[in-house]
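In mature numbering (1 follows the signal peptide of the UniProt record, and there is no 0), the protein residues as written are -19 to -1, 1 to 229.
Cβ coordinates follow ideal geometry from the N, Cα and C atoms, glycine included.
Remember, predicted model here, so these are calculated numbers, not experimental data.
Reading through the structure tokens given below for one structure.
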């Protein structure tokens, strides 16, 4: 069964991934036509925690396939889900996977999570107790931070990351707060947060992954969602962030 599932992952990634273009044959065209109408749903299914298979099996199968031996299987699979938000951190796109500090991925969801979390926020929690304490603290306190209107009244300016600046390299999960002693204002940089039909289910899978592997891979998604939850407490908060093009 693992062999069959791994074969499907490779064939699907070759057909619908950015780096998976290959020669068009009659059989390939028939298979592509049959899968195309379900492609978006299949991509999301590949990221459901309960659907994961060992990524090592996928890589092992790829080594026995002519034309895949010299290709990055990680980049092939990532190219298949690159259109899914949150988008890939630009720094992760520029790094060669074999040069990363975490080149052994458990499954596709692990690979997707790694590609979306900024490099400097990937391993912030190394002790299980810290994660438990952070979770208990957030459960006991209704809000961990002031809402958007309160911060705005306290001279905090909200802005999107510059598209061509280094700050954009962090991707959709890179929220930053900067202040200077000589300035009466502070700046909070928040990437655009697009709420789509699949957003809730996908974030649930990413949070479930962090719950099981936070000791090795941090809890960036959980922290980001907690911050967004604190910022938006009412429609007025959402309207303020929408005027800054942060909510979409």
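Three-way DSSP call (helix, strand, coil) for residue i in this model
| i | result |
| --- | --- |
| residue -12 | helix |
| residue 106 | Note on residue 106: pLDDT 48, under 50, position unreliable in the model; the coordinate value appears next. Here residue 106 sits in coil by DSSP. |
| residue 169 | strand |
| residue 222 | helix |
| residue 228 | strand |
| residue 198 | helix |
| residue 192 | helix |
| residue 6 | coil |
| residue 216 | helix |
| residue 126 | coil |
| residue 211 | helix |
| residue 87 | coil |
| residue 69 | coil |
| residue -3 | coil |
Residue i versus the options, residue with shortest Cα-Cα distance
| i | options | result |
| --- | --- | --- |
| residue 181 | 48, 86 and 25 | 25 |
| residue 63 | 131, -3 and 157 | -3 |
| residue 85 | 217, 207, 212 and 197 | 197 |
| residue 60 | -7, 27, 21 and 90 | -7 |
| residue 11 | 134, 22, 212 and -5 | -5 |
| residue 71 | 100, 44, 215 and 46 | 100 |
| residue 179 | 65, 41, 33 and 32 | 65 |
| residue 156 | -11, 224, 218 and 201 | 201 |
| residue 214 | 203, 153, 129 and 143 | 129 |
Same chain, Cβ closer than 7 Å to residue i, five either side skipped, listed in chain order
| i | result |
| --- | --- |
| residue 165 | 136 |
| residue 38 | -18 and -14 |
Any non-hydrogen atom of the ligand GDP closer than 7 Å to residue i Cβ
| i | result |
| --- | --- |
| residue -3 | With respect to the ligand GDP, the structure shown offers nothing to examine, as it has no ligands at all. |
Residue i - partner residues in DSSP beta bridges
| i | result |
| --- | --- |
| residue 157 | 170 |
| residue 97 | Paired residue(s): none; residue 97 is not in a bridge. |
| residue 140 | 170 |
Beta-carbon contacts of residue i that lie in its chain and below 6 Å, excluding the five residues immediately before and after
| i | result |
| --- | --- |
| residue 167 | 137 and 160 |
| residue 20 | -4 |
Any C-beta of chain D under 8 Å from that of residue i
| i | result |
| --- | --- |
| residue 217 | Considering every chain present, this structure includes no chain D. It has just one protein chain. |
Own chain partners of residue i with C-beta closer than 8 Å, once the 5 adjacent residues on each side are dropped
| i | result |
| --- | --- |
| residue 141 | 170, 171, 172, 173, 225, 226 and 227 |
Next on the checklist: Runs of 4 residues minimum, wholly inside the segment 15 to 62: which ones carry the alpha helix (DSSP H) assignment?
Outcome noted: Entirely contained in the segment 15 to 62, the alpha helix (DSSP H) runs reaching 4 residues are, in chain order, 20 to 26, 36 to 44 and 54 to 61.
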